[in-house]
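Enquirer: Next up is a structure, given as structure tokens.
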Amino acid sequence: MGKDSSYFLTEAEWLTLHHQALSRERRQMVEDFPLQPGDRVLDVACGNGLWEPWLAERVAPGGQIIGVDLSPALLSLAREQNKECAEAVLHWIAADLQALPFSSPWADVLFCANTFQYFPQPVEVLQKLSQIVRRGGRIIIKDVDVAHITFSPLPVDLVERTVLAGIQAAQEQKVGHYHDPFVGRKLPQIFAQAGIRHLQTRTYGVQKVAPFTPLETQFLQTIAKVVIDYAREYLTAQDRTAWQRYFDPHSPQYVLHQPGAYFYTVEVVTIGQV
717 MGKDSSYFLT EAEWLTLHHQ ALSRERRQMV EDFPLQPGDR VLDVACGNGL WEPWLAERVA
777 PGGQIIGVDL SPALLSLARE QNKECAEAVL HWIAADLQAL PFSSPWADVL FCANTFQYFP
837 QPVEVLQKLS QIVRRGGRII IKDVDVAHIT FSPLPVDLVE RTVLAGIQAA QEQKVGHYHD
897 PFVGRKLPQI FAQAGIRHLQ TRTYGVQKVA PFTPLETQFL QTIAKVVIDY AREYLTAQDR
957 TAWQRYFDPH SPQYVLHQPG AYFYTVEVVT IGQV
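Here it is in structure tokens:
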């Protein structure tokens with residue numbers, strides 16, 4: 717439900733951990749994207765360039781990718797991490813998404829991952845971004861919907877109360893910045909209201925089943941910490957303590973080492989045509 721800096725991960729570390737833990741599912745998403753050799757792709761809010769190797773494979777040969785992000789630090793990491801990429805021509809631009817340096821449509825494909833959850837006016841943002849896409853080009857938006865989240869063998873009622881508390885926190889915007897962690901289900905409506913045509917939406921289930929790899933364990937512990945911090949104000953002290961014990965490696969109730977422990981959530985991709 718958003719990155720929690722108190723968990724001692726930098727933004728780049730959180731992005732990388734999240735991406736690597738879900739690499740199998742996300743690579744399948746890119747395989748399903750309507751990309752073709754020679755496409756020009758604009759990756760807005762590209763962060764540290766984690767999607768670029770897969771995108772480059774899909775648009776090779778002859779493809780071009782421009783990654784845009786507001787953070788020069790993340791773009792520096794993106795350049796370094798993708799310096800060996802030979803499948804496509806890569807460029808990186810530091811810019812605000814509301815003031816992109818394009819005077820005319822450039823992209824065959826506009827891609828944006830895990831960012832629309834932070835836009836208070838997503839329809840307006842999508843309309844503006846669509847102006848950079850060539851007529852007949854595609855827009856691909858991928859985001860989350862964390863109302864669909866399961867941790868087992870946690871008690872079902874505890875998980876439900878925690879998710880409902882997170883929903884209340886999001887609705888009342890008690891997290892210090894605008895955040896809609898349930899935007900995934902809204903993407904088709906956002907596209908329709910923005911005038912984007914020929915919509916396709918696909919929901920990808922993300923599941924992890926014990927025994928977890930060290931990477932998966934770190935990811936799940938981080939997700940659990942973020943969830944409880946997000947929902948904290950709307951949970952009882954008893955529920956907060958119970959949740960924390962289930963994810964404390966020193967607690968006898970620790971769940972992530974239990975055989976058959978299970979995590980599930982969903983991510984949503986909506987695709988449309990300009």
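Note that the working numbering has the sequence shown beginning at 717, numbered continuously upward.
From the three backbone atoms N, C-alpha and C, an ideal C-beta is built for every residue, glycine too.
This structure is a prediction, so every number in the text was calculated from the model and none was measured.
What first and last residue would you give for the alpha helix (DSSP H) that runs through Arg956?
Expert: The sequence position of residue 956 within the sequence shown is 240, counting from 1. 953-962 is the span of the alpha helix (DSSP H), which, as asked, contains Arg956.
Enquirer: Run through DSSP, which three-state label would Ser787 get?
Expert: Your numbering for residue 787 matches position 71 in the sequence shown. Three-state DSSP puts Ser787 in coil, outside helix and strand.
Enquirer: If you draw a straight line from the C-alpha of Val991 to the C-alpha of Val746, how long is it?
Expert: Outside the displayed span of the chain (717 to 990) sits residue 991, for which this structure offers no information.
Enquirer: So what does DSSP say about Val862, is it helix, strand or coil?
Expert: Translated into positions along the sequence shown, residue 862 becomes position 146. Three-state DSSP puts Val862 in a strand.
Enquirer: Tell me the DSSP bridge mates of Ala926?
Expert: Residue numbering aside, residue 926 sits at position 210 when the sequence shown is read from its first letter. In the DSSP output, where bridge partners are listed per residue, Ala926 has none listed.
Enquirer: Please name the residue or residues paired with Arg918 in a DSSP beta bridge.
Expert: Numbered from 1 along the sequence shown, position 202 holds the residue referred to as residue 918. According to DSSP, Arg918 bridges with Val985.
Enquirer: Work out the CA separation of Thr831 and Lys719 for me, nearest whole Å.
Expert: Here residue 719 refers to the residue found at position 3 when the sequence shown is read from its first residue. Here residue 831 refers to the residue found at position 115 when the sequence shown is read from its first residue. With a pLDDT of 40 at Lys719, under the threshold of 50, the predicted position of this residue should be treated as unreliable, and no value is reported.
Enquirer: Of the choices Ala977, Thr878, Val860, whose alpha-carbon is the least far from that of Pro869?
Expert: For this step, residue 869 is matched to residue 153 along the sequence shown. Taking only the C-alpha atoms, the option nearest Pro869 is Ala977.
Enquirer: How many angstroms separate the CA atom of Ala815 from the CA atom of Arg756?
Expert: Taking the sequence shown and counting its residues from 1, one reaches residue 815 at position 99. Taking the sequence shown and counting its residues from 1, one reaches residue 756 at position 40. Taking the straight line joining both Cα atoms gives about 20 angstroms.
Enquirer: Could you check if Thr933 is buried or exposed, using at least 16 other CB atoms within 10 Å of its CB as the buried criterion?
Expert: As a working note, residue 933 is residue 217 in the sequence shown. Classification for Thr933: buried.
Enquirer: Do you know offhand how far Val860's Cα is from Val990's?
Expert: Position 144 of the sequence shown, counted from the first residue, corresponds to residue 860. Position 274 of the sequence shown, counted from the first residue, corresponds to residue 990. Those two C-alpha atoms are separated by around 23 angstroms.
Enquirer: Determine the DSSP secondary structure at His734, reduced to helix, strand or coil.
Expert: Taking the sequence shown and counting its residues from 1, one reaches residue 734 at position 18. Three-state result, His734: helix.
Enquirer: Could you tell me the distance, in whole angstroms, from the CA atom of Phe867 to the CA atom of His734?
Expert: The residue given as residue 867 occupies position 151 in the sequence shown. The residue given as residue 734 occupies position 18 in the sequence shown. Approximately 17 angstroms, taken between the alpha carbons.
Enquirer: Could you tell me the distance, in whole angstroms, from the CA atom of Cys801 to the CA atom of Leu731?
Expert: Along the sequence shown, one-based indexing puts residue 801 at 85. Along the sequence shown, one-based indexing puts residue 731 at 15. Each residue's alpha carbon lies about 20 angstroms from the other.
Enquirer: Going by the DSSP bridge assignment, what does Ser868 pair with across the sheet?
Expert: Here residue 868 refers to the residue found at position 152 of the sequence shown. Bridge partners of Ser868: Tyr978.
Enquirer: Rounded to the nearest angstrom, how far is the Cβ of Thr986 from that of Pro904, given a contact under 8 angstroms?
Expert: What you label residue 986 is simply residue 270 of the sequence shown in a count that begins at 1. What you label residue 904 is simply residue 188 of the sequence shown in a count that begins at 1. About 6 angstroms separates the two Cβ atoms, so the contact holds.
Enquirer: Determine the extent of the alpha helix (DSSP H) in which Ile906 is found, giving its start and end residues.
Expert: Residue numbering aside, residue 906 sits at position 190 when the sequence shown is read from its first letter. 903-909 is the extent of the alpha helix (DSSP H) around Ile906.
Enquirer: Taking all protein chains shown into account, decide if Glu983 is buried (16 or more other Cβ within 10 angstroms of its Cβ) or exposed.
Expert: Indexing the sequence shown from 1 puts residue 983 at position 267. The residue in question, Glu983, is buried, as its Cβ has 16 or more Cβ neighbours within 10 Å.
Enquirer: Is the Cβ-Cβ distance between Val971 and Tyr962 less than 8 angstroms?
Expert: Taking the sequence shown and counting its residues from 1, the one referred to as residue 971 is at position 255. Taking the sequence shown and counting its residues from 1, the one referred to as residue 962 is at position 246. Yes, they are a contact pair.
Enquirer: Would you mind sorting Glu803 into buried or exposed? The rule is 16 or more other CB atoms within 10 Å of its CB.
Expert: In the sequence shown, counting from the first residue as 1, residue 803 sits at position 87. With 16 or more other Cβ atoms within 10 Å, it is buried.
Enquirer: Just mark Glu949 as buried or exposed, buried being the case when its beta carbon has 16 or more other beta carbons within 10 Å.
Expert: Translated into positions along the sequence shown, residue 949 becomes position 233. The residue is exposed, with fewer than 16 neighbouring Cβ atoms inside 10 Å.
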